[in-house]
Amino acid sequence: MRTRANANDRLRDIPMFRGCSNKDLAVLARLMDRVDLPAGRVLVREGKPGRECFVIDEGKVSVTRDGEEVAMLGPGDVLGELAILSGGPRDATGTASTPISVYVLTQGAFQGALAEVPSVRNHVFQVLARRLREVEAPAIAAAH
Numbered sequence: 316m317r318t319r320a321n322a323n324d325r326l327r328d329i330p331m332f333r334g335c336s337n338k339d340l341a342v343l344a345r346l347m348d349r350v351d352l353p354a355g356r357v358l359v360r361e362g363k364p365g366r367e368c369f370v371i372d373e374g375k376v377s378v379t380r381d382g383e384e385v386a387m388l389g390p391g392d393v394l395g396e397l398a399i400l401s402g403g404p405r406d407a408t409g410t411a412s413t414p415i416s417v418y419v420l421t422q423g424a425f426q427g428a429l430a431e432v433p434s435v436r437n438h439v440f441q442v443l444a445r446r447l448r449e450v451e452a453p454a455i456a457a458a459h
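Quick note on the working numbering: the sequence shown kicks off at 316 and runs consecutively.
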């Protein structure tokens with residue numbers, strides 16, 4: 316059985332949660348479940364509605380669009396947050412490349428974490444800004 320102290324320690328090791336206080340970590344531990352999944356398990360499917368997001372604790376997840384791999388995610392990376400933030404469909408498929416352990420946040424829990432834990436909100440904004448720059452970079456380069 317997972318103890319609160321153990322859950323807090325595991326969460327603190329994830330980059331997204333490093334700036335969190337013990338109180339913030341306790342809130343996060345209450346909002347999410349840690350799940351172990353086998354290699355080959357599809358976590359999110361392109362075009363489908365998003366109802367949860369995943370924070371990878373251990374293992375690797377392959378991200379594909381239209382069948383082409385566009386990223387390999389690992390510990391500390393977040394998968395599926397864009398669909399639950401936007402209310403739109405998933406823009407990619409995420410499949411476990413190895414056995415994985417992930418923290419699962421439902422849409423309501425994710426929104427609760429953003430509202431209750433400022434350091435998580437700040438990290439999500441940083442991730443979104445980085446992704447926006449990555450998407451815009453080819454268009455900017457082509458314009459010059």
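Positions of the beta carbon are idealized from the N, C-alpha and C atoms, including for glycine.
What does DSSP give as the partner residue(s) for residue i in the beta ladder?
i: V359; result: G409
i: C368; result: L420
i: R349; result: Y418
i: S377; result: M387 and T410
i: L397; result: BP columns for L397 are empty, so no partner.
Taking just the CA atoms, how far does residue j sit from residue i?
i: E428; j: A456; result: Checking the displayed sequence, the identity of residue 428 turns out to be Ala instead of Glu. Looking at the two C-alpha atoms, the distance is approximately 36 Å.
i: I329; j: T421; result: 18 Å
i: G355; j: N321; result: 28 Å
i: R317; j: V419; result: Because R317 carries a pLDDT of 47, less than 50, the predicted location of this residue cannot be relied on, and the following value inherits that uncertainty. Each residue's Cα considered, the two are about 15 Å apart.
i: A386; j: E449; result: 12 Å
i: G374; j: A458; result: 38 Å
i: A430; j: Q441; result: 16 Å
i: C368; j: L388; result: 13 Å
i: R333; j: V435; result: 9 Å
i: D324; j: N337; result: 9 Å
i: P414; j: V378; result: 15 Å
i: A452; j: G362; result: 24 Å
Quick check: residue i and residue j, are their CB atoms within less than 8 Å of each other?
i: G423; j: L358; result: no
i: V376; j: S416; result: no
With respect to 7 Å, is the separation between the Cβ of residue i and the closest non-hydrogen atom of the ligand MN below this value?
i: I399; result: You won't find the ligand MN in this model; it holds no ligand whatsoever.
| If you pair each beta-carbon of the stretch 389-399 with each one of the stretch 345-355, do three or more pairs fall below 8 Å? | no
| said: With three or more beta-carbon pairs closer than 8 Å as the criterion, would you say the stretch 395-405 touches the stretch 329-344? | reply: no
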